[in-house]
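Asker: For reference, the structure I am asking about is given below.
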Amino acid sequence: MSMQHVPSHRRVVVGVDTHKHVHVAVAVDELGAVLDRRSFAADSGGYGQLIAWAESFGGKLTFGIEGTGSYGAGLAGAVRRRGMGALEVMRTDRRDRRLRGKSDTIDAENAARAVLAGLATAVPKSADGTVEMIRQIKVAKDVAVKARTSAMISLKQVLVNAPDELRQELQPLTKMALIHRCAALRPGKVTSIIASTKHTLRSIARRWEMLDAEISEHEKILAELTAQVAPDLAKAFAVGPDTASEMLIVAGDNPERIRSEAAFARLCGVAPIPASSGMTTRHRLNRGGHRQANAALYRVVIVRMQHHEPTKAYVARRITEGKTKSEIIRCLKRLLARELWAAMRPLREARPPLQVAA
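Mapping of the sequence shown onto the working numbering: residues 1151 to 1508, in sequence order.
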């Protein structure tokens, strides 16, 4: 396809289907006509070539990029550093793929048309500051927590099948006492079932202790980083480093991309949406959003319902109004999202004005 140029006042949208090694781009003008389609390497050199190719069309340029949180993160960052507008595009739904087929070029063209139609409006996370550091440490901690849980399950399973003498000695112990006792076992030379069982229990227990120490170190770093970025958020009642991290990860390093407190609540999955039918008028919570953030809000609400006097008073009042426990929790999660959004104000105010896509 030959290169085409458009007047400077007209809009050009470049849709990009991102992959590990190659990005496929399709340029579309504001009338929906395809200007050109190309493939570029998924590296810094390829990003520069893709941007130069897009600029060659002239016009007001906007990028619609799939996978800005994974394979498209590098390209989104390169576009942002050039001061150009970029929007995050969701993957094409399965129904459309059944009707039109599936190819990288089709996906890239769909991305461009989603921007033209106004279906793609989300600004990608910048992932270039302290919040990205928090996200990475949080990943390391979550992996370690899963491994520690797995180690405890394995330890107890080995103990269930251990010789009677060893099982009767260890089973009555509490969790921490069991860990320390098993870590101190001396199996000696492995020449019997008891020796091999002790060897296995000691190995798993010591692994649990190492993972527990690693998790404590991750939590210490998260506490320092969250207090540095949003001190009011870290000080909120029942909001520990873990919950503060989840809230900051949802907002990203460029929280100004979230237009309002209501938009933040929707990202957390606690914004009510209409669910009416016929003569029935009602609402339900949004099933989308960041599931980990939603779970973090739930944990804070449960703790506050037990130990936070203002929350306990609110619950008592809503019960007298005839609200169910699930309805009260839903309201509390929405109010909590509003409170935490306000606590992140310093992070929003510290950012420069948002570059809006053309």
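Positions of the beta carbon are idealized from the N, C-alpha and C atoms, including for glycine.
Just how far apart, CA to CA, sit G1235 and G1390?
Answerer: 35 angstroms
Asker: Which whole-angstrom value describes the C-beta separation of L1266 and G1182, a residue pair presumed to lie in contact below a C-beta threshold of 8 angstroms?
Answerer: 7 angstroms
Asker: What are the complete alpha helix (DSSP H) segments, minimum 4 residues, inside the stretch 1176–1235?
Answerer: The stretch 1176–1235 contains, as complete alpha helix (DSSP H) runs of 4+ residues, the segments 1194–1205 and 1223–1231 (chain order).
Asker: Check for me: the beta strand (DSSP E) holding V1162 runs from which residue to which?
Answerer: R1161 to D1167
Asker: Mind checking which residues open and close the alpha helix (DSSP H) that includes P1460?
Answerer: E1459 to T1470
Asker: For C1481, which residues of its own chain have a beta-carbon under 8 angstroms away from its beta-carbon, when the five flanking residues on both sides are left out?
Answerer: R1468 and K1473
Asker: State the CB to CB distance for the pair R1488 and E1406, rounded to an integer number of angstroms; the pair is presumed to be in contact (CB under 8 angstroms).
Answerer: About 18 angstroms; that fails the 8 angstroms criterion.
Asker: If contact is defined by three or more beta carbon pairs under 8 angstroms, each pair taking one atom from either stretch, is the stretch 1383–1399 in contact with the stretch 1368–1375?
Answerer: yes
Asker: May I have the straight-line CA-CA distance separating M1494 from T1376, to the nearest angstrom?
Answerer: 10 angstroms
Asker: Would V1178 and A1270 be called neighbours here (beta carbons separated by less than 8 angstroms)?
Answerer: no
Asker: On the CB-based measure, 16 or more other CB atoms within 10 Å of its CB, does A1507 come out buried or exposed?
Answerer: Reliability of the predicted coordinates at A1507 is poor, the pLDDT of 46 falling under 50, and no value is obtained from them.
Asker: If you draw a straight line from the C-alpha of P1322 to the C-alpha of I1284, how long is it?
Answerer: 39 angstroms
Asker: To the nearest angstrom, how far is the alpha carbon of P1313 from that of I1344?
Answerer: 6 angstroms
Asker: Let's test the definition: count the other Cβ atoms within 10 Å of the Cβ of I1408 and tell me whether it reaches 16, buried, or not, exposed.
Answerer: buried
Asker: With burial defined as no fewer than 16 other Cβ atoms inside 10 Å of the residue's Cβ, what is the status of T1341: buried or exposed?
Answerer: Result: exposed.
Asker: With distances taken between CB atoms, is the gap from A1175 to L1200 smaller than 8 angstroms?
Answerer: yes
Asker: Would you be able to state if there are at least three C-beta pairs under 8 angstroms between the stretch 1298–1317 and the stretch 1427–1434?
Answerer: no
Asker: Bridge partners of E1238, per DSSP?
Answerer: Residue pairing by DSSP places E1238 opposite I1215 and A1272 in a beta bridge.
Asker: Buried or exposed for A1466, going by 16 or more other Cβ atoms inside 10 Å?
Answerer: exposed
Asker: Please return the same chain residues whose Cβ sits closer than 7 angstroms to the Cβ of Y1221, not counting the five positions on each side in sequence.
Answerer: T1168, H1169, K1170 and A1192
Asker: Within 10 angstroms of the Cβ of A1327, are there 16 or more other Cβ atoms? Answer buried if so, exposed if not.
Answerer: exposed
Asker: L1362 and R1298: beta carbons closer than 8 angstroms?
Answerer: According to the sequence as given, residue 1362 is Asp; it is not Leu. Taking 8 angstroms as the Cβ cut-off, D1362 and R1298 qualify as a contacting pair.
Asker: Where does H1173 fall in DSSP's three states?
Answerer: strand
Asker: If distances are taken between C-alpha atoms only, which option among L1320, Y1197 and V1163 comes closest to R1231?
Answerer: Y1197
Asker: Using the Cβ count rule (16 or more neighbours within 10 Å means buried), how would you classify S1152?
Answerer: With a pLDDT of only 49 at S1152, under the threshold of 50, the placement of this residue in the model should not be trusted; the figure read from the coordinates follows. S1152 comes out exposed.
Asker: What does a CB cutoff of less than 7 angstroms around T1347 pick up in its chain, not counting 5 residues either side in sequence?
Answerer: V1308, A1312, P1313 and L1316
Asker: Assuming A1258 and R1187 make a contact with CB atoms under 8 angstroms, what is their CB distance in whole Å?
Answerer: 7 angstroms
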